[in-house]
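Engineer:
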Amino acid sequence: MTKRLLGWIGFLACVVMAAYYPVRFQQAVPPPGRLPAHQTYQAAVGRVLPDRIAQKASEMELSGYIIPVGPQQVTGLDHVTEDVNLALSHYPGWQVCVAPAVRDRMMKRAEQRFAKWGRMGIAREAARLMDRQKAMAFDVKYSAEMTWGWNGANTRPKSGPEARPDTGPDTGPELRAGVPKGSISNHSINDMHLTVTVNSEIDQARLFDVKVTFAHPETLARMTERLAADLAAYSFLENRARMGTTALYVLAGLAAVFGLSLLIKDQVRRSRDKAHKQYLLAQIETREDLINEGHYVAAAELAESYLAHFPHDTQIKAFLNRLYDFTNQDPQKAQAAFVALKKLQRRLASAAGGTSAATAGSIRLSDEEKEKLAPLLPYHPELENSFQQLIEMDDAALRQRTANATEALAQVTATLATGDIETALDQLRPLSETYADVPAVADMAGRLTKPGPTVFQLVPKAGGPLLEVIVKDRVAIGQALGSLSPAGQAMNQGSVNQPANQPDIRIPDRRVSRNHAVIFQKAGKIGVADENSANGTFVDGKPVEDAVFLAHGSLLTLGKVIDFTCSLYETPEGNATGLVLTGLNRHLVIVWSRLCFDLTADRIICPGTRITLGSSSGIVLAASNGIANLIRIGDRIELDGRIYHVEA
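Read in my numbering, the sequence shown has 542 at position 561, and its numbers run on one by one without any break.
#1: Going by C-alpha to C-alpha distance, which of D490, A9, T538 sits closest to S216?
#2: Pull up the distance between the alpha-carbon of K323 and that of K298, whole angstroms please.
#3: Under the DSSP definition of a beta bridge, which residues are partnered with I600?
#4: In the structure shown, what three-state DSSP assignment does I272 receive?
#5: Shorter than 7 Å from the beta carbon of R382 to some beta carbon of chain B?
#6: Check whether the Cβ atoms of G555 and V572 sit closer than 7 Å, and answer yes or no.
#7: With 16 as the cutoff for other CB atoms within 10 Å, does H60 come out buried or exposed?
#8: I'd like to know whether the C-beta atoms of D435 and V456 end up nearer to each other than 7 Å.
#9: Under the rule that 16 or more other beta-carbon atoms within 10 Å means buried, what is V179, buried or exposed?
#10: Put V10 into one of helix, strand or coil per three-state DSSP.
#11: Taking all protein chains shown into account, do 16 or more other C-beta atoms lie within 10 angstroms of the C-beta of D485, making it buried, or fewer, making it exposed?
#12: Assuming A35 and F195 are in contact, meaning their beta carbons sit under 8 Å apart, how far apart are those beta carbons, in whole angstroms?
#13: Label W(-11) either buried or exposed according to how many other C-beta atoms from any shown protein chain fall within 10 Å of its C-beta, with 16 as the threshold for buried.
#14: For Y287, count neighbouring Cβ atoms within 10 angstroms of its own Cβ and tell me buried if that reaches 16, exposed if not.
#15: Could you give the first and the last residue of the continuous beta strand (DSSP E) run that contains T538?
#16: Would you identify the three-state DSSP class for G559, choosing helix, strand or coil?
#17: Between D544 and L531, which are expected to be in contact by the criterion C-beta below 8 Å, what is the C-beta distance as a whole number of angstroms?
#18: In the DSSP assignment, find the unbroken beta strand (DSSP E) run with G508 in it and report its ends.
#19: Can you give me the C-alpha to C-alpha distance between G130 and M173, rounded to a whole angstrom?
#20: Short of 7 Å in beta carbon distance, which residues of its chain neighbour E363, apart from the five on each side in sequence? Order them along the chain.
#21: Since S494 is in the beta strand (DSSP E), which residue starts that stretch and which ends it?
#22: CB-CB under 7 Å to S169, same chain, minus the five flanking residues each way: which ones, in chain order?
#23: Return the CA-CA distance between F578 and L594, expressed in angstroms with no decimal places.
#24: For a quick check, are the C-beta atoms of G540 and R492 less than 7 Å apart?
#25: In three-state DSSP terms, what is A134?
#26: In this structure, how does DSSP classify K442 when only helix, strand and coil are distinguished?
#27: For the segment 349 to 412, list the alpha helix (DSSP H) runs that are entirely contained and at least 4 residues long, ordered along the chain.
#28: Using the Cα positions of P11 and R28, report the straight-line distance between them to the nearest angstrom.
In C-alpha cells form, the structure reads like this:
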C-alpha cells in the first residue's frame, strides 16, 4: 500500500512538473519581433537635417558666409558639431566660415606663422592669407547655433554648450534614454531632439529653426539588448513548454496504458476468482478425507480460503474450529505428529513378530529421534501412546540384546582364556557387527583391534618371579649399552655394523658382544645363531657355527660363562610356539604364538597348564584360571592367584 501511494505521488509530481512550463508559456506576453519605430542619429543629421536646412535657406534666398556652430560635448554624440556643420555646408548658397573664437585663434596662429615665415622669406604669402581671412571674417552675413535635449516627462532637456544629461539621483540610464523601465513598448523611442537655428548677423534676428528627433545610440543599444534577452527568454520558455507538453502526452499515454492494464487485470481477476470459487465448491467436499489422511495444513488452508469467499458458511466455520482444537492450534505440528505416528506404528507392526536382535535393532529409537518426537507428543493423542509403547519395547529389546551380547561375549572370553586369539577374533567379528551398540562388545572390539606391547615385564606385586616377556619372531641377544664405557658406547653407536638400538635381551657383561646371538623360529623349530660374537655362542657345550635348533632342556651359553636353561613349549603337533630362558636370576619368556607354564615361588615350569601367554595379529594376552587379560602397559592383571603390573 505504501509503495502504491508513493508511486501515485511520484506520478502526480511528474504531471505538475511537466505542466509548469506550458501553463507559464500560456500566461506569458510574447515580445515584439522588432524594435518600435525610431529614427537613427545618422539618418537625422545626415539626411533629414541637411535637406530641411537647404529647403529653408532656399525659400528665403539666403547666400553668403555663415558662421558654423561652435564645439559642444554631448554624451554619446562626440561628433555632433562636425555633423551639424556638414549639414550647413550641404546648402550651396553660403560658405561656412570659422566662428569668431576660432577666427581669433586662427589670427593668433597666423601671427606666429608670419613671424616664422618672415624669417624664411615667405612673408608675402602669409600676408595674402591673412588678408583673405580678414576679408572673409568681415563679410559674414549669417550665424548658426545648435540646441539639443531629451524628450519625455522624465528628463530635463538643456541647451547650449554646457548641456549635459542629468546624472542626478532621480535620473538613471533608463530615464536618460527616455524609455521607462520594463518591457519594450510599441511607442516611438525618438527620445532626443536637435534644433539648428540660423540667425542674421546684419539684422541680429533669427531667420529660421530646423528641428529633428532621433533615438539616442545608448537607448537604441540598450533596447536592442533587452529585445534580444526577451526573445531568448521567450524562446527558452517556448522550448520548455513544448518539452512539457510532450511529457504530458507521454504521461497521459502511460496513464492510459496503466488504466487499461488495470481494467484487464481486474477482468482477469474476476474471471479467476469466479473459477476459484467453483473450484473451492468442488474441493471443500474432500475436507474429511484430508483429515483422515493427516493433511491438517491443507485442510485448514482449504477451509480458510473457502471462508474468504463464503464467510457465512457456518458448517465450514465449525469444521475449522474443530480442526484447530484437534491440532492444538497448530496444524503444521499436528501434521508432523501424524507422520511420526505412522512411522512408529510401522515399527510396532514390524516388531510384533518377535524380539530378535535384528528386530530389536530396527525398532530402537535413537536419542536424536527421541529429541525430535518429544515436542510433537501434545499434538496427536495417539502419538504419545505409540511412543511409550515403543520405548518400552525398545528397553526390553535392549535388555535382551545386552543379555545376548553378554552371553556371546562370554564365549569369546572363554576362547581367549585358552590362548586361542585367532578363534576369539573370528567369534568377535560378527558379534561386533550385531551388537556394536553394547558397551561391553564395543570395549572388547576396541581392545582386540589395538596391538599390544612387544617387550614388557610382568612385575609381581607381592612375591613371585619377575617375568621379562618378548613377543617377536626374531629375538636379538647382546650386551647392554649401559655396561660399556662412554668411549665404547660411542664406538658402538657410531659403527656401521653395530646399530645404535639396544638388543631385545640385554646382558650386562663385557664378555658378551654388542650383537652376540639371535633366537628365531623356523619350520616349527626354535633355533639360535651366532652373530660373529667375540667369545662365541654354545649349545650344550658345542659352539654354534651357523645355526643350531634348541630342544627342551638345552643349555645355551654366551661367551663361555653365561648359561641359560631352555624350556620349550610345543603343540601336540610338535611345533614349538614359545621358549623360556632361565639364568642369571632372570626369567626370559619368548612368545611366538602360545606359551603355557606354571609358576612356583622362584621359578617357571614349562610346559605347564595354569598360565597361558598368547600372541596373534599384534595382540598379546595372559590367561589363567579361565580369565583372559589383554596386555597393555600400565594394566593390573591376575595370574594364578598373583597380582602383576605390566611395565615397559
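All residues carry an ideal CB built from backbone N, CA and C; glycine is no exception.
Treat the numbers as computed from the prediction; the structure is a model and nothing was measured.
Structural biologist: In this structure, then:
#1: On the sequence shown, position 235 is the one that residue 216 refers to. Of D490, A9, T538, the residue nearest in Cα terms is A9.
#2: In the sequence shown, the residue the question calls residue 323 occupies position 342. In the sequence shown, the residue the question calls residue 298 occupies position 317. Straight-line Cα distance between these residues: approximately 29 Å.
#3: On the sequence shown, residue 600 is found 619 positions in, with the first residue counted as 1. BP columns for I600 point to S597.
#4: The sequence position of residue 272 within the sequence shown is 291, counting from 1. Reduced to three states, the DSSP call for I272 is helix.
#5: Among the chains in the structure shown there is no chain B, since it carries only a single protein chain.
#6: Numbered from 1 along the sequence shown, position 574 holds the residue referred to as residue 555. Numbered from 1 along the sequence shown, position 591 holds the residue referred to as residue 572. It is not a contact, given that the beta carbons lie outside the stated cut-off.
#7: The count along the sequence shown starts at 1 and reaches residue 60 at position 79. Label assigned to H60: exposed.
#8: Taking the sequence shown and counting its residues from 1, one reaches residue 435 at position 454. Taking the sequence shown and counting its residues from 1, one reaches residue 456 at position 475. The amino acid occupying residue 435 in the given sequence is Thr; Asp does not appear at that position. No; because the gap between Cβ atoms is not below 7 Å, this pair is not in contact.
#9: As a position in the sequence shown, residue 179 is number 198, starting the count at 1. By the 10 Å Cβ count, V179 comes out buried.
#10: Residue numbering aside, residue 10 sits at position 29 when the sequence shown is read from its first letter. Looking at V10 - three-state DSSP - the assignment turns out to be coil, as it is neither helix nor strand.
#11: Taking the sequence shown and counting its residues from 1, one reaches residue 485 at position 504. Looking at its Cβ environment, which holds 16 or more other Cβ atoms inside 10 Å, D485 is buried.
#12: Along the sequence shown, one-based indexing puts residue 35 at 54. Along the sequence shown, one-based indexing puts residue 195 at 214. The C-beta distance from A35 to F195 rounds to 19 Å, too long to meet the 8 Å contact threshold.
#13: Translated into the one-based positions of the sequence shown, residue -11 becomes position 8. Exposed, because fewer than 16 other Cβ atoms sit within 10 Å of the Cβ of W(-11).
#14: If you number the sequence shown from 1, residue 287 lands on position 306. By the neighbour-count rule (16 or more Cβ atoms within 10 Å), Y287 is buried.
#15: On the sequence shown, position 557 is the one that residue 538 refers to. It spans 536 to 539 - the beta strand (DSSP E) in which T538 sits, taken as one unbroken run.
#16: Residue 559 sits at position 578 when you count from the first residue of the sequence shown. Taken through DSSP and simplified to helix, strand or coil, G559 comes out as strand.
#17: Counting from one through the sequence shown, the residue named residue 544 turns up at place 563. Counting from one through the sequence shown, the residue named residue 531 turns up at place 550. In this structure, D544 and L531 do not form a Cβ contact; the two beta carbons are roughly 13 Å apart against a cut-off of 8 Å.
#18: Translated into positions along the sequence shown, residue 508 becomes position 527. Membership of G508 in the beta strand (DSSP E) is indicated by the continuous run 506 to 511.
#19: The residue you call residue 130 lines up with position 149 of the sequence shown. The residue you call residue 173 lines up with position 192 of the sequence shown. Cα to Cα, G130 sits roughly 6 Å from M173.
#20: Your numbering for residue 363 matches position 382 in the sequence shown. Apart from the 5 residues on each side of it in sequence, E363 sits with its Cβ closer than 7 Å to the Cβ of L322 in its chain, given in chain order.
#21: For the purposes of this step, residue 494 is taken as residue 513 along the sequence shown, with counting starting at 1. Annotation for S494: no beta strand (DSSP E) segment contains it, and DSSP assigns it neither H nor E.
#22: Residue 169 sits at position 188 when you count from the first residue of the sequence shown. Cβ within range, chain order: P17, A18, H19.
#23: Position 597 of the sequence shown holds residue 578. Position 613 of the sequence shown holds residue 594. In a straight line, the C-alpha of F578 is about 9 Å away from that of L594.
#24: Reading the sequence shown from its first residue, position 559 is the one you call residue 540. Reading the sequence shown from its first residue, position 511 is the one you call residue 492. In this structure, R492 lies closer than 7 Å to G540 by Cβ.
#25: On the sequence shown, residue 134 is found 153 positions in, with the first residue counted as 1. For A134, the pLDDT reaches just 40, beneath the cut-off of 50, and the residue's location in the model is therefore unreliable, although a value from the coordinates is still provided. Residue state, collapsed to three classes: coil.
#26: If you number the sequence shown from 1, residue 442 lands on position 461. Here K442 sits in coil by DSSP.
#27: 362 to 398
#28: Reading the sequence shown from its first residue, position 30 is the one you call residue 11. Reading the sequence shown from its first residue, position 47 is the one you call residue 28. If I take the Cα positions, the gap works out to 35 Å.
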